[in-house]
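Comments concern the structure below.
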Amino acid sequence: MKVIPASLCVRCKGGKNLCGLGYCPLLSRVRLKPTFDATLKEEFFGPSTNVFVGRYGYPRVNVGPLSVIQMGDTDMDVIDDPSKWFGMPYQKIIEMRSLMMRSEKRNEVRARTRYVEENQLLALAQKPVDVELHFKKKPVYKMDFSDVHQPMGPSARLQEMKIAGNVSVSRAVEGVTNDELKAREAMVTLYQKDESVYKIMAVLSSGALGVRDKKLVPTRWSITAVDDTLSKHLLQSVRTYAPINEYRVYESEFLYNRLCVLLAPGSWEYEAFESWAPGSMWARFAKEYYIIEEYESHEGRSDYADEMGGCYYSTRLAVAEALAAERRQARCIAFREVDDGYIIPVGVWQVRENVRNAMRSAPRRFATLEEALTYIQTRMKIPMDAYKKRSRILVQKRLSDFTSKRVKPETATWEDSVSIARSEPRSLK
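Using my numbering, you'd call the opening residue of the sequence shown number 4 and step up by one each time.
Listed below in structure tokens is the structure:
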């Protein structure tokens with residue numbers, strides 16, 4: 004296998020073809036045998052929990068239902084809801100998701116066919132809906148892993164689909180799909196009505212949102228678009244709140260991902276670090292930790308966080324949620340260290356839920372920046388100096404960093420939220 008430098012793999016994460024091979028050699032090495040009878044037939048009857056929309060070949064993409072191929076002890080309320088996966092063992096997550104079969108059929112993203120409308124109903128449904136599926140060939144068991152979406156099991160080219168169960172849609176979802184709301188407004192409305200971000204992602208991806216130009220949105224893009232849109236919405240309010248007057252460190256660890264989130268006095272700024280240990284998924288052949296950094300100023304950013312990708316936005320959403328709930332603002336630096344035990348990607352949800360868990364926990368509190376950084380050093384493996392050399396916030400010299408004097412809030416303009424998901428490089432077809 005060709006050895007690709009970590010500087011490419013950590014930025015690409017199997018999705019941008021930066022190596023130019025047309026496929027990911029690291030993902031191609033992941034071969035898992037099913038822990039169940041994976042003999043599948045050309046016909047299938049069972050529950051569908053969601054819909055998956057591909058991105059290759061855009062605007063003519065694969066779309067189809069995600070179905071549970073074996074019930075057994077499967078909890079239907081958990082299998083497609085990542086908000087309930089935090090703390091679940093690595094192997095159990097992969098085994099659970101290996102039961103999800105992806106059906107595929109090509110469709111133009113703007114074509115309002117009956118097939119698209121039926122898939123849309125499956126995505127909007129409150130509960131799993133039984134479907135009858137007929138495939139062109141027997142499904143092949145091969146798991147699909149991504150650093151953005153959740154793992155999936157076998158896939159098959161679909162010939163015909165029929166909804167065999169009743170579809171129940173929540174009032175909130177039905178309301179935004181019937182109202183003349185722009186997609187961004189609809190996403191915010193659903194969030195304010197306590198729909199989970201995962202349901203909002205499904206609804207957006209199905210092409211149900213928008214006024215006139217409704218279209219399918221590849222699942223990968225919808226995940227980033229929802230994280231970006233909702234965090235920008237929350238930050239509009241966060242920027243108007245008084246800053247915190249202390250240094251806080253929030254912590255969490257899950258699936259070999261270790262997190263420290265530092266909140267510091269001052270107006271909103273955000274910086275995220277992501278470091279990959281030698282032997283971990285995207286630094287398989289690295290000799291030392293590889294670090295990447297992304298930043299946005301008080302006013303925010305509209306360009307895509309190309310170095311870090313979706314994790315940048317999922318982290319920002321989780322932090323923005325916590326600050327909005329407290330009605331305060333702060334400078335934020337998020338440190339994420341990925342150990343060599345993380346050898347199979349399971350999606351960006353694990354970062355979102357890891358940071359959410361950190362922000363729900365009681366923080367460590369400090370009077371100065373140096374005290375906070377000294378503590379973080381005891382929790383992380385990489386020397387703090389390595390982060391300081393790359394940081395755009397830690398190099399700033401402020402009186403509040405050395406004393407506990409309160410910082411006065413600043414004012415700033417807010418630029419409208421824009422969709423950045425499609426700005427991600429799409430060189431693979």
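Ideal placement from N, C-alpha and C gives every residue a C-beta, glycine not left out. As the structure is a prediction and not an experimental result, all values here were calculated from the model.
- CA-to-CA, the gap between Ala323 and Leu102 works out to about 34 Å.
- If you check the CB distance, Asp150 and Trp285 come in under 9 Å.
- DSSP places His152 outside both helix and strand once states are collapsed to three, so it counts as coil.
- Beta-bridge partners assigned by DSSP to Met104: Ser70.
- The closest CA to that of Gly18, considering only Leu69, Val200, Met311 and Ala280, is found on Met311.
- If you draw a straight line from the Cα of Asn248 to the Cα of Ser173, it is about 41 Å long.
- Residue burial annotation: Glu373 is exposed, with fewer than 16 other C-beta atoms found within 10 angstroms of its C-beta.
- Here Thr116 is exposed: its Cβ has fewer than 16 other Cβ atoms, across all protein chains shown, within 10 Å.
- Put simply, of Ser199, Phe338 and Glu163 the residue whose alpha carbon is nearest the alpha carbon of Thr381 is Phe338.
- Judged by DSSP in its simplified three-state form, Asp133 adopts strand.
- Between the stretch 130-148 and the stretch 235-253 there are fewer than three C-beta pairs closer than 8 Å, too few to call the two in contact.
- Within a 10 Å sphere around the beta-carbon of Leu24 sit fewer than 16 other beta-carbons, which makes this residue exposed.
- Contact between the stretch 46-55 and the stretch 67-79 is established, with three or more Cβ pairs separated by less than 8 Å.
- Between Ser208 and Pro221, the C-beta gap is smaller than 9 Å, which places the two residues in contact.
- Restricting attention to alpha helix (DSSP H) runs no shorter than 4 residues, the stretch 351-389 encloses them at 352-363 and 372-382, ordered along the chain.
- Shortest Cα-Cα distance from Thr371 to any of Val6, Ser317, Val358 and Leu266 involves Leu266.
- Leu193 and Arg215 have their C-alpha atoms some 19 Å from each other.
- Around the beta carbon of Ala186, 16 or more other beta carbons lie within 10 angstroms, which makes this residue buried.
- Sixteen is the threshold: since fewer than 16 other Cβ atoms of the shown chains lie within 10 Å of the Cβ of Met79, the residue is exposed.
- Between Ile385 and the set Leu262, Thr243 and Lys141, the nearest pair of CA atoms involves Leu262.
- Under the 10 Å beta carbon count, Gln332 is surrounded by 16 or more other beta carbons and is classified as buried.
- Between the stretch 294-307 and the stretch 388-401 there are three or more C-beta pairs closer than 8 Å, enough to call the two in contact.
- A distance below 8 Å between beta-carbons, with the five flanking residues on each side excluded, links Tyr201 to the following residues of its chain, in chain order: Asp83, Asp84, Pro85, Ser86 and Trp352.
- The beta carbon of Asp343 is closer than 7 Å to those of Ala280, Pro281, Gly282 and Ser283 in its chain, skipping five residues each way along the sequence.
- As a beta-bridge residue in DSSP terms, Pro246 pairs with Gln332.
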